Amino acid sequence: MKRKLNGFFQRLYSFFGKQYWWPADSPFEVMVGAILTQNTSWANVEKAVLSLKNKKLLEPDKILKMAPKKLALLIKSAGYYNIKAKRLKNFLKFYFDNYNFSIKKISQVNLKNLRKQLLTVNGIGRETADSILLYALNKPIFVVDSYTKRILLRHGLVKEDADYPGVQEIFMRNLKKDAGIFNEYHALLVKLGKDYCHKKNPKCQECPLHGQ
DNA sequence: CACCAGGCAAGTA
DNA sequence: TACTTGCATGGT
Numbered sequence: 553m554k555r556k557l558n559g560f561f562q563r564l565y566s567f568f569g570k571q572y573w574w575p576a577d578s579p580f581e582v583m584v585g586a587i588l589t590q591n592t593s594w595a596n597v598e599k600a601v602l603s604l605k606n607k608k609l610l611e612p613d614k615i616l617k618m619a620p621k622k623l624a625l626l627i628k629s630a631g632y633y634n635i636k637a638k639r640l641k642n643f644l645k646f647y648f649d650n651y652n653f654s655i656k657k658i659s660q661v662n663l664k665n666l667r668k669q670l671l672t673v674n675g676i677g678r679e680t681a682d683s684i685l686l687y688a689l690n691k692p693i694f695v696v697d698s699y700t701k702r703i704l705l706r707h708g709l710v711k712e713d714a715d716y717p718g719v720q721e722i723f724m725r726n727l728k729k730d731a732g733i734f735n736e737y738h739a740l741l742v743k744l745g746k747d748y749c750h751k752k753n754p755k756c757q758e759c760p761l762h763g764q
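Going from the first sequence to the numbering used here is simple: count from 1 and add 552.
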């Protein structure tokens, strides 16, 4: 398994190259994007983030104070806008109450502890928490998403009923626990998923991992 | 028209 | 614990 996963990584990296994740100008933008992208295409999220940026409202204090309806309107393109407005505010209240909107302070908390804290926020589940930990705070945790499981499934590395921790453990136990590796690997899996391993009309024959 | 996209929480049994 | 359902836009 260790050889296989590392082989996949090498193959993907050679084929696609560096992915430069997470596409954002700041750790805070990563946090916002992580919530907005829940079950939503990245293109729609980008529009929502841009609408906040253009109005100089992509700042934690402003979003926390903003009227929910106003926030919902700004992030409309990301879908589920009412519930996501609430979720952003839930996270920002947590971020202010516990860390005074300080990346430095929140970064000092150890991984397991902070993950547990994030999961207490209504609207932050495992993938969102892990995305924030890895891509905003550079903590060594592997992010699992629908692409990740689908790809492992197609290659027979997990069973259909594998759950989030089960899939995550495959990577955590077999790779060097390095945030840089986890960052690039997950990004490459998403790239592969988007280009070759999507649900409808997957291009399995052309996939860079075909036959691996 | 149907289906999908970088999920999550709440309700039900 | 294990399912089911609501949430919603924009692209294919």
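Ideal Cβ positions, reconstructed from N, Cα and C, are used throughout, including at glycine.
Every value quoted in this text rests on a predicted model; they were computed, and no experiment measured them.
- For the 8 Å CB-CB criterion, L557 and F723 form a contact.
- Secondary structure at T680: helix, using DSSP grouped into helix, strand and coil.
- Note on geometry: alpha-carbon atoms of N665 and L685 lie some 11 Å from one another.
- When the alpha-carbon of K656 is set against those of H738, F580, L709, the nearest one is in F580.
- By the neighbour-count criterion, in which a residue is buried when 16 or more other Cβ atoms sit within 10 angstroms of its Cβ, A586 is buried.
- K691 is positioned such that its CB atom lies closer than 8 Å to that of A731.
- Taking C-beta atoms as the reference points, F568 and K743 count as a pair closer than 8 Å.
- The shortest CA-to-CA distance from K570 to any of A630, Y737, P760 is the one to Y737.
- For a cut-off of 8 Å, the C-beta gap from L670 to K645 is around 13 Å, too long to register as a contact.
- Taking C-beta separations shorter than 8 Å and ignoring five residues to either side along the sequence, the partners of V582 in its chain run W574, A576, S683, I684, Y687, A688, following chain order.
- The Cβ atoms of Q764 and F560 sit closer than 8 Å to each other.
- Excluding sequence positions up to five before and after T589, its CB lies within less than 6 Å of the CB of V597, all in the same chain and listed in chain order.
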